[in-house]
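This report refers to the structure that appears directly beneath it.
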Amino acid sequence: MPGGSDDEMIINSDKSASIDSYRKLVRTHLDLHMYSSALFWADKVVTLTNGEPEDVFWLAQCMYHMKQYHRAAHLLQSRGLEKAHLVCTYLAAKCLLEAKQYTDALNLLSASDSTSSSVTIELTFAQPEESSHFSIKGLPISNVHSATLFLKGCILEALDNRSLASECYKQALKYDVYCYDAFEALVQHQMLTSGEEQDLLSSLPLSSQCKTKEEELLVKSVYESLLKKYQSVPPRSAVQVVQRLRNNSDLSVAQAERHYYACAYSECFSITTAVLERDPYHTSCLPIHIACLVELKKVNDLFSLAHELVDLWPHLAVSWFAVGCYYYLKGKTDPARRYLGKSTSINRLFGPAWLAYGHSFAIENEHDQAMAAYFKASQLMKGCHLPHLYLGLESGLTNNNKLAEKFFLQASAIAPMDPFVIHEKGVVAYQNNDYKAALKYFEDALVKVKEINEPLIADKWEPLFNNLGHTCRKLGMYDKALEYHREALVLSPLNASTLASIGFVFALISNFEEAVEYFHKALALRRDDTFSTTMLTNAMEALVSDAPSFKGAELDAECPSLPLRRRSETPNQNQTLDNSGMSSILMERAASPAANFGDMDMTDSFQDENNT
Amino acid sequence: MEGGRLLLDFKSVKLSLYKAINDCSSRGLTQSTKWLSELNFAIKNVKVKCTQPYKIAVAEDELDDYYLAKSFFDAKEYDRCAFYASKNSSNVLKFLHYYSRYLSLERKKIDSLTELFSGPDPNSAGDLQQLCKELRDLHIRGGMDAFCLYIFGVVLKRLDLLDEAMTVLAEAITAEPLNWAAWLELSMLVTDRSKARSLSLPNHWMKHFYLGRTYLDQQLHDKSLEIHYALQTAGFNGSTYILAQIAIAHHNKREVDEAIDTFTRLRKIDPYRLDNIDVLSNLYYVKEKKTELTSLAHAACEIDKYRVETCCVIGNYYSLRSDHQKAVLYFQRALRLNPQYLAAWTLMGHEYMEMKNTNAAIQSYRQAIEVNRRDYRAWYGLGQTYEILKMPYYCLYYYKQAQLLRSNDSRMLVALGETYEKLEKFQEALKCFYKARSVGDVEGSAILKLAKLFVRLMDTDQAATAFSEYVNENDNLAGENKSELSQAHLYLANFHMNKNEIELAYQHAQSTLNFEETKEEGKALLKAISQKRTVMDDLKQDMQVEDSDPNDTS
Chain A
1 MPGGSDDEMI INSDKSASID SYRKLVRTHL DLHMYSSALF WADKVVTLTN
51 GEPEDVFWLA QCMYHMKQYH RAAHLLQSRG LEKAHLVCTY LAAKCLLEAK
101 QYTDALNLLS ASDSTSSSVT IELTFAQPEE SSHFSIKGLP ISNVHSATLF
151 LKGCILEALD NRSLASECYK QALKYDVYCY DAFEALVQHQ MLTSGEEQDL
201 LSSLPLSSQC KTKEEELLVK SVYESLLKKY QSVPPRSAVQ VVQRLRNNSD
251 LSVAQAERHY YACAYSECFS ITTAVLERDP YHTSCLPIHI ACLVELKKVN
301 DLFSLAHELV DLWPHLAVSW FAVGCYYYLK GKTDPARRYL GKSTSINRLF
351 GPAWLAYGHS FAIENEHDQA MAAYFKASQL MKGCHLPHLY LGLESGLTNN
401 NKLAEKFFLQ ASAIAPMDPF VIHEKGVVAY QNNDYKAALK YFEDALVKVK
451 EINEPLIADK WEPLFNNLGH TCRKLGMYDK ALEYHREALV LSPLNASTLA
501 SIGFVFALIS NFEEAVEYFH KALALRRDDT FSTTMLTNAM EALVSDAPSF
551 KGAELDAECP SLPLRRRSET PNQNQTLDNS GMSSILMERA ASPAANFGDM
601 DMTDSFQDEN NT
Chain B
1 MEGGRLLLDF KSVKLSLYKA INDCSSRGLT QSTKWLSELN FAIKNVKVKC
51 TQPYKIAVAE DELDDYYLAK SFFDAKEYDR CAFYASKNSS NVLKFLHYYS
101 RYLSLERKKI DSLTELFSGP DPNSAGDLQQ LCKELRDLHI RGGMDAFCLY
151 IFGVVLKRLD LLDEAMTVLA EAITAEPLNW AAWLELSMLV TDRSKARSLS
201 LPNHWMKHFY LGRTYLDQQL HDKSLEIHYA LQTAGFNGST YILAQIAIAH
251 HNKREVDEAI DTFTRLRKID PYRLDNIDVL SNLYYVKEKK TELTSLAHAA
301 CEIDKYRVET CCVIGNYYSL RSDHQKAVLY FQRALRLNPQ YLAAWTLMGH
351 EYMEMKNTNA AIQSYRQAIE VNRRDYRAWY GLGQTYEILK MPYYCLYYYK
401 QAQLLRSNDS RMLVALGETY EKLEKFQEAL KCFYKARSVG DVEGSAILKL
451 AKLFVRLMDT DQAATAFSEY VNENDNLAGE NKSELSQAHL YLANFHMNKN
501 EIELAYQHAQ STLNFEETKE EGKALLKAIS QKRTVMDDLK QDMQVEDSDP
551 NDTS
């Protein structure tokens with residue numbers, strides 16, 4: 001709420017000039033944030049003018065600034081101004097919201113709806129230059145309407161009526177396309193799915209509200225770049241932003257977020273670091289920066305950042321989120337949960353904290369509690385697919401494939417292009433032994449991933465390649481399987497399970513020498529791997545029976561003959577050797593090595609995937 | 001190169017060496033600089049006019065950054081160097097940035113090594129992977145010079161992405177053929193000849209050095225010797241490196257005396273050289289030359305106590321004195337200094353074998369193989385340990401690997417045969433023993449093994465022939481294996497008696513009397529023979545037809 005401007009003329013004619021000067025004084029003190037003085041003189045003006053509505057409004061304004069919300073609300077309500085004037089309605093409701101009297105605030109707004117204009121239902125808002133409204137000069141009526149709608153959205157959201165709230169936000173944005181508050185509420189609180197976001201953007205009356213074409217373009221491009229950053233948006237060819245705004249912090253943060261979703265953590269980190277260097281407390285940058293620190297395992301940096309934030313802003317959710325993330329990264333889940341819980345209790349709409357809270361359970365295989373946290377997140381973040389994705393993962397881990405499938409369907413309804421979701425759908429198909437479908441999903445995901453990460457695929461996608469390998473192996477496409485596993489190895493070298501998988505494929509195509517080598521490598525990295533150990537023994541035995549006895553043996557004659565003197569006499573029976581007592585060390589080999597191979601299980605999941 | 005003739009234009013060689021020395025030393029590649037300078041010193045007599053002084057290839061405005069970064073690098077403050085060299089566009093600074101980061105990671109890995117056998121640290125692997133990713137990005141964008149390619153190849157190799165590493169190193173070599181470090185890394189990667197052929201390498205005179213080295217690693221010692229001799233005659237005859245390589249080739253060929261001679265010559269020329277000195281200690285060890293080994297150990301210790309080579313020499317010294325605990329201690333010290341030092345891993349494995357610590361032995365050998373897959377001693381050692389552990393399939397596999405690397409070494413073949421015998425795969429075992437014999441039986445045991453196998457297979461004729469060969473070979477030598485010999489004689493005596501070849505039986509029975517073990521049996525046999533003789537004489541007298549049914553005799 002702007003504090004009014006100095007130069008505005010107060011026109012109530014019959015008052016003496018001294019009152020005008022007092023009013024000016026009030027404004028001046030307000031501008032200088034000297035609220036006590038402003039309050040004192042505003043009170044005097046009200047008494048002098050005998051409760052002129054506008055002066056009462058300014059008095060209430062002062063009280064609001066003094067954080068005396070109840071007093072302000074009472075002041076306005078006791079004089080019945082909240083029903084008469086839209087700005088007063090707005091201020092009263094705002095005070096009630098701050099005083100956490102949500103229902104009263106909502107009633108107030110709804111009452112004013114019925115009298116002046118219905119806010120929620122009537123979409124075509126006739127410009128009501130009604131006589132009952134005094135106008136605060138310099139306050140365009142559409143802005144007041146938009147602000148009122150936004151306020152209503154806030155109240156509804158606080159009352160957990162999120163669908164109505166988002167409706168209000170949308171309308172607020174339509175009244176005033178510059179109402180970033182509403183835009184932020186919609187986007188940052190993940191209220192809309194990507195399709196809805198697009199619809200909203202295209203439905204905004206930009207052309208009518210913007211003065212020039214250029215301005216229209218600017219607003220559009222800025223908003224566009226702030227929209228959903230995951231799925232299919234290649235970070236490098238991001239939305240064209242007006243050239244001069246390129247270095248704007250908000251837009252850089254949006255860019256960083258894109259990098260984050262494309263798993264390019266170091267790029268993301270360098271951007272967020274640069275932004276935080278310019279503006280150390282850039283609020284929307286901090287969650288991404290923290291998430292990046294977690295991904296890059298920069299424990300020390302996170303530690304000092306969390307300390308700094310908690311010292312400065314103990315009342316902000318993001319500070320405690322940082323602390324919780326620090327403990328999460330250190331593997332101390334108990335304190336992590338405590339601080340993440342604190343973060344969510346400060347700001348219940350802070351999605352990242354809810355997700356991290358879920359992760360802290362997930363890494364300890366506490367599936368039920370993790371799912372509860374994710375559920376909460378999914379309710380709060382309607383337009384975000386991540387909670388659904390994690391819910392699906394957890395149900396998959398508890399062997400509830402049906403449920404998992406459902407969650408993935410929900411996730412893909414929100415974000416149909418996200419490779420993570422497609423990948424997980426593939427995993428479900430694989431577990432249902434539908435390998436063809438799995439292969440299709442995985443290949444789909446791969447195409448998407450390749451679109452997003454050019455030219456290098458992020459390390460995070462190593463499981464995708466391995467899963468492609470597993471699926472190809474199941475389908476008998478061994479060459480392809482090898483190829484995919486090798487690519488996985490490039491993304492994540494020295495990975496025991498990849499090496500074991502390669503060994504397995506080699507064993508299946510009876511290339512036991514290579515198989516043995518790869519199982520050896522796998523065991524060197526992970527010594528207690530039972531699968532590799534069993535497979536190694538099997539392959540070794542197969543190798544003995546298959547391969548020639550030594551290098552160059554195949555060149556020799558079938559049966560060696562002694563180059564010695566030969567005797568042509570019947571063999572002698574009485575040997576000094578006793579053959580009967582010999583124990584047979586020769587082990588029976590199973591009919592086919594593939595028959596007793598256990599199935600590789602696919603436990604690949606993106607558990608440590610963090611954050612919105 | 002064909003026919004052992006090598007013609008080089010030494011003037012241009014010298015000029016390129018000057019340039020390469022400058023390039024390498026400005027980048028902190030100390031070992032390459034050392035090698036190149038040594039080579040350059042070997043052709044000291046070639047005089048060239050150095051037209052212009054070599055400048056460091058850094059842009060004017062980045063010279064200050066370079067000096068600062070390089071000074072940190074020289075002071076071994078790698079992280080600091082990496083930081084100061086991070087934002088520059090000059091190739092030299094770029095290289096310094098990546099190289100110092102790599103070295104920093106390596107050093108941290110060594111420093112944080114609590115236990116020698118602890119596996120790879122997952123954290124450092126992550127950092128290395130990050131480094132690799134950045135390098136790969138740079139590579140795709142094509143912003144790499146020869147030296148950056150080299151460091152990329154090294155990182156790839158450390159991450160076990162060997163095929164990619166090879167192509168990148170080959171690229172690096174093509175771009176700058178005088179970077180010896182790149183050749184060296186490549187030669188360690190080329191495990192077989194098909195791989196060697198698939199690489200496209202420039203036809204540069206440096207290639208001869210590389211080939212000599214690679215052949216040596218591939219156990220193709222004659223070829224390697226040929227190349228090194230050719231290089232010597234071509235004009236590099238003063239090179240200590242070539243001399244050392246020749247010595248090593250002789251060592252690998254088990255020509256111990258020649259190898260020792262060559263090393264002695266080398267030590268006369270360059271008394272303070274420690275490189276490869278551990279090979280000499282191996283030679284002394286094999287020859288059991290205690291005094292020489294002791295003096296070598298003292299000399300090495302005086303030059304530099306904390307060199308891997310020195311530690312290996314001292315380890316060998318203690319091993320020869322059967323102080324295996326201490327030997328292990330020194331090998332461990334060597335490995336603390338450089339966990340990539342192959343020889344120490346293998347030697348430590350041997351020591352653990354002596355101490356009957358099979359578990360530790362296996363670990364050591366495995367590490368050795370990890371460092372270099374072509375170390376046949378380690379493969380063989382692994383086979384031995386698994387033999388002790390009674391895991392014949394594993395044992396067979398490792399012996400096979402060893403035999404693959406040294407196809408003409410009878411020891412591997414004998415070991416293989418023995419394992420096959422244990423697995424009752426007699427045909428394979430027979431093949432192995434035959435082959436061992438045909439490639440020249442070093443230990444002379446193949447024929448005996450063969451004979452015993454025939455006994456076991458109840459093929460008495462073959463057994464007898466084998467035994468008699470064995471006896472023929474060993475009778476004149478006053479060998480140590482008396483019991484084997486006596487048993488052979490005993491067997492032959494019995495055999496011939498059963499065949500009623502009394503004379504032969506008598507001879508062998510007589511021989512058995514020479515041995516303590518079989519004396520009694522021999523006497524009994526002789527008695528039986530004389531009995532038989534009388535019986536036979538009786539029979540002859542009775543003019544009866546000779547009855548040759550041997551089953552009646554017990």
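As you go down the protein sequences, you meet chains A and B in turn.
Heads up, the first sequence is in UniProt numbering, so the first residue is 1 and it goes up one at a time.
Heads up, the second sequence is in UniProt numbering, so the first residue is 1 and it goes up one at a time.
Note that the Cβ used here is the ideal one computed from N, Cα and C, for glycine as well.
Within chain B, the residues that residue i reaches when beta carbons sit closer than 8 Å
{"i": "A:P416", "result": "Correct list: empty, because the minimum Cβ distance to chain B is about 29 Å."}
DSSP-derived helix/strand/coil call for residue i
{"i": "A:S237", "result": "The predicted position of A:S237 is uncertain, since its pLDDT is 44 and thus under 50; a value taken from the coordinates is nonetheless stated next. Three-state result, A:S237: coil."}
{"i": "A:G195", "result": "helix"}
{"i": "B:G417", "result": "helix"}
{"i": "A:P463", "result": "helix"}
{"i": "B:L161", "result": "coil"}
{"i": "B:A509", "result": "helix"}
{"i": "B:L220", "result": "coil"}
{"i": "A:P335", "result": "helix"}
{"i": "A:V56", "result": "helix"}
{"i": "A:F350", "result": "coil"}
{"i": "A:C263", "result": "coil"}
Partners in chain B for residue i, counting only beta-carbon separations shorter than 9 Å
{"i": "residue 615 of chain A", "result": "One cannot answer for residue 615 of chain A here, as it falls past the ends of chain A, which runs 1 to 612."}
{"i": "A:V516", "result": "Y397"}
{"i": "residue 621 of chain A", "result": "Given a span of 1 to 612 for chain A in the structure shown, any question on residue 621 of chain A remains unanswerable."}
{"i": "A:L543", "result": "Y393, L396, Y397, K400"}
Rounded C-alpha distance that separates residue i from residue j
{"i": "A:A92", "j": "A:A105", "result": "8 Å"}
{"i": "A:L489", "j": "A:L499", "result": "8 Å"}
{"i": "A:T398", "j": "A:H367", "result": "7 Å"}
{"i": "B:L184", "j": "B:Y150", "result": "11 Å"}
{"i": "A:I509", "j": "A:L226", "result": "51 Å"}
{"i": "B:C81", "j": "B:S100", "result": "7 Å"}
{"i": "B:S511", "j": "B:L216", "result": "46 Å"}
{"i": "A:A496", "j": "A:M535", "result": "14 Å"}
{"i": "A:A291", "j": "A:H359", "result": "13 Å"}
{"i": "A:E52", "j": "A:R71", "result": "18 Å"}
{"i": "A:T283", "j": "A:P352", "result": "13 Å"}
{"i": "B:M412", "j": "B:I248", "result": "21 Å"}
{"i": "A:D20", "j": "A:F57", "result": "15 Å"}
{"i": "B:F152", "j": "B:L159", "result": "11 Å"}
Chain A residues whose Cβ lies nearer than 7 Å to that of residue i
{"i": "B:A125", "result": "L494"}
{"i": "residue 560 of chain B", "result": "Nothing about residue 560 of chain B can be reported from this structure: the residues present for chain B run from 1 to 554 only."}
Chain-ordered chain B contacts of residue i [CB-CB under 7 Å]
{"i": "A:M540", "result": "Y393, Y394, Y397"}
Chain A contact residues for residue i, given Cβ-Cβ distances below 8 Å
{"i": "B:Q129", "result": "D459, S492, P493"}
Residues of the segment 158-175 of chain B with a CB closer than 8 Å to any CB of chain A: list them in chain order, please. L159, D160, L161, E164
Along the segment 388-414 of chain B, what residues have a CB closer than 7 Å to any CB found in chain A? P392, Y393, Y394, L396, Y397, K400, Q403, L404, S407, L413
If you measure beta-carbon to beta-carbon, which residues of the segment 485-510 of chain B are closer than 9 Å to chain A? L490, Y491, N494, F495, N498, K499
In the UniProt repeat "TPR" (308-341) of chain B, which residue ranges form an unbroken alpha helix (DSSP H) of at least 4 residues, counting only runs that do not cross its ends? 308-320, 324-337
Mind listing which residues of the UniProt repeat "TPR" (240-273) of chain B have their C-beta closer than 9 Å to chain A's C-betas, in chain order? none
Give the list of continuous alpha helix (DSSP H) stretches no shorter than 4 residues that lie fully inside the segment 140-216 of chain A. 141-158, 162-175, 180-188, 194-203, 206-209
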